[in-house]
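Some notes on the structure that comes next.
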Amino acid sequence: MRFFIPFSFMSYTKSLKNTLKTALTSFFTLGALHAINAATIQESKWEQGQTLLTFFEKNAIPLKTYYDLAPEDKELADEIISGSTYYTLYDDNTLLQALIPINENAQLHIFKQGDKYGMRAIPIVYFSKEHTVSLSVDNSLYNDIIRLTGDSFLAGDFIQAYRGSVDFRREIRKGDQLAIIYERKYRLGKNFGAPNIKASTLRVNNRNQYVVRHDDGHLYDLNGNNLSKYLLTVPLHYKRISSHFSMGRKHPILGYKRPHLGTDYAAPRHTPIRASGNGKVIFAGTKGGYGKTVIIQHENGYKTLYAHMQKIDVRNGAVVKQGRKIGTVGSTGLSTGPHLHFGLYRNGNAVNPIKHLKIAHSKLKGKEKDNFIANAKIYRDALNIALQKESKDAPFKLKKGGYVVYLSTDENPN
Numbered sequence: 014m015r016f017f018i019p020f021s022f023m024s025y026t027k028s029l030k031n032t033l034k035t036a037l038t039s040f041f042t043l044g045a046l047h048a049i050n051a052a053t054i055q056e057s058k059w060e061q062g063q064t065l066l067t068f069f070e071k072n073a074i075p076l077k078t079y080y081d082l083a084p085e086d087k088e089l090a091d092e093i094i095s096g097s098t099y100y101t102l103y104d105d106n107t108l109l110q111a112l113i114p115i116n117e118n119a120q121l122h123i124f125k126q127g128d129k130y131g132m133r134a135i136p137i138v139y140f141s142k143e144h145t146v147s148l149s150v151d152n153s154l155y156n157d158i159i160r161l162t163g164d165s166f167l168a169g170d171f172i173q174a175y176r177g178s179v180d181f182r183r184e185i186r187k188g189d190q191l192a193i194i195y196e197r198k199y200r201l202g203k204n205f206g207a208p209n210i211k212a213s214t215l216r217v218n219n220r221n222q223y224v225v226r227h228d229d230g231h232l233y234d235l236n237g238n239n240l241s242k243y244l245l246t247v248p249l250h251y252k253r254i255s256s257h258f259s260m261g262r263k264h265p266i267l268g269y270k271r272p273h274l275g276t277d278y279a280a281p282r283h284t285p286i287r288a289s290g291n292g293k294v295i296f297a298g299t300k301g302g303y304g305k306t307v308i309i310q311h312e313n314g315y316k317t318l319y320a321h322m323q324k325i326d327v328r329n330g331a332v333v334k335q336g337r338k339i340g341t342v343g344s345t346g347l348s349t350g351p352h353l354h355f356g357l358y359r360n361g362n363a364v365n366p367i368k369h370l371k372i373a374h375s376k377l378k379g380k381e382k383d384n385f386i387a388n389a390k391i392y393r394d395a396l397n398i399a400l401q402k403e404s405k406d407a408p409f410k411l412k413k414g415g416y417v418v419y420l421s422t423d424e425n426p427n
């Protein structure tokens, strides 16, 4: 009988090795628990060009295990992100367990059962923590954020939020202030994934510019005007959506939940597929279960993926404009019929394309606007307190040089 031990992040007080062991051994059968102490845990980075098939070969897992996987599982294997941290548990040279992230919420769990191996997608256990940081520019805005927080993703996202409205080279001066309220995920005691900036302000020329993220993922000013300068569009004319984005759909036969990290648009074979936005082609070729695939890198940390194509009409490295034809609909790879699997990623993490594609309005209206403005005022007041460095309610006030950091302590296990 298989069982699951809920993983508690009291592990902040444990060693990393014990933390990893707790996480990995939570998937063991009762009969295998005696082997825990003899097993060794490894932390590795998923190498560029590495595939699940080469991982199986490296660990002497019968290749039949891979070829017997359901098509949906093979498709998920193509979602593994190069450079992501994964964990393995070995008994001597025999792989017992592996946890390989495919995005910020799901991971592939590979496990040994007797003489065979199995694999399924499971949730990633993490904690979220909200932080508020405030600083005065000393050297450069980007480097100052990194020096204060150690988080280059946070610095990059902050810059992107104000790109187009602020000339960072000419307008930013020493002593200008900023404040950020953001949420950070932690996995096994370390930063995990990308931060989510909820609200921020940048004081330039004695004027505060506020940015607040709405539920739709877009950035707005305090009056509900959309600040997003870069909007993506649906890449084709389609008949219907045959499969929606989901972090956990229950498989009708296998009985367990499996993510679907994209939107499937059913369309006739040879239907033109067009670039969803301006960008650079970073992949054009065959990609495992996705068949003929194109991947385009866009601004603001966005990336789009077009899979199961019949024909590819662009080359790797090409710069494309929004609306340019990049190929046609097909059924290559592991596909049951002609359709486009369209994936959208922000900072490497899969997001729901439907919620991020071009919206019809540039500002919020009605009750939605009223609710947003009320919420934005709360963020504005919190940011102003951080800028003034007068928050008496913050439980921690850490001084770092000329900086003051306010850290909240709300932790919500997921």
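Start counting the sequence shown at 14; every next residue gets the next number (this note's numbering).
For glycine and all other residues, C-beta sits at the position ideal for the given N, C-alpha and C.
Computed from a predicted model, the values in this text were never measured in an experiment.
Check: Counted within 10 angstroms of its Cβ, other Cβ atoms place T341 as buried (16 or more) or exposed; Outcome: buried
Check: Under 7 Å between C-beta atoms of L318 and A280; Outcome: no
Check: Local conformation of P114 per DSSP, three classes; Outcome: strand
Check: Rounded separation between M322 and K382 - CA only; Outcome: 40 Å
Check: CA-to-CA distance, G188 to S149, given in whole angstroms; Outcome: 5 Å
Check: CA-to-CA distance, R271 to I123, given in whole angstroms; Outcome: 14 Å
Check: Runs of beta strand (DSSP E) wholly within the segment 140-190 (minimum 3 residues, chain order); Outcome: 140-149
Check: Per-residue DSSP class, three states only, for Q61; Outcome: coil
Check: Own chain residues within Cβ distance below 6 Å of N310, not counting five before or after; Outcome: According to the sequence shown, residue 310 is Gln rather than Asn. Same-chain partners within the cutoff: G292, K293, I295 and K316.
Check: G361 versus I94: straight-line alpha-carbon distance, rounded; Outcome: 7 Å
Check: Contacting residues, own chain, Cβ-Cβ under 8 Å from R328 (five flanking each side not counted); Outcome: V294 and A297
Check: L65 and A90 closer than 7 Å at C-beta; Outcome: yes
Check: Proximity winner among L76, G290 and G304, relative to A320 (alpha-carbon distances); Outcome: G304
Check: Same chain, Cβ closer than 7 Å to G96, neighbours up to 5 away in sequence not counted; Outcome: K58 and W59
Check: Same chain only: Cβ atoms within 7 Å of P351, ignoring 5 sequence neighbours per side; Outcome: A280, P281, R282, V342, G343 and S344
Check: Residue nearest to T78 in terms of C-alpha spacing, selected from Q173, Y103, I54 and R133; Outcome: R133
Check: Inter-stretch contact at 8 Å, needing at least 3 Cβ pairs: the segment 155-163 / the segment 109-116; Outcome: no
Check: Q401 - DSSP class collapsed to helix/strand/coil; Outcome: helix
Check: Given N238 as reference, the closest of N219, I339, L377 and K71 once Cα atoms are compared; Outcome: L377
Check: Length of the line joining the Cα atoms of G302 and S289; Outcome: 22 Å
Check: Beta-carbon proximity of S141 to A399, cut-off 7 Å; Outcome: no
Check: V224, buried or exposed, once every other Cβ within 10 Å from all chains shown has been counted against 16; Outcome: buried
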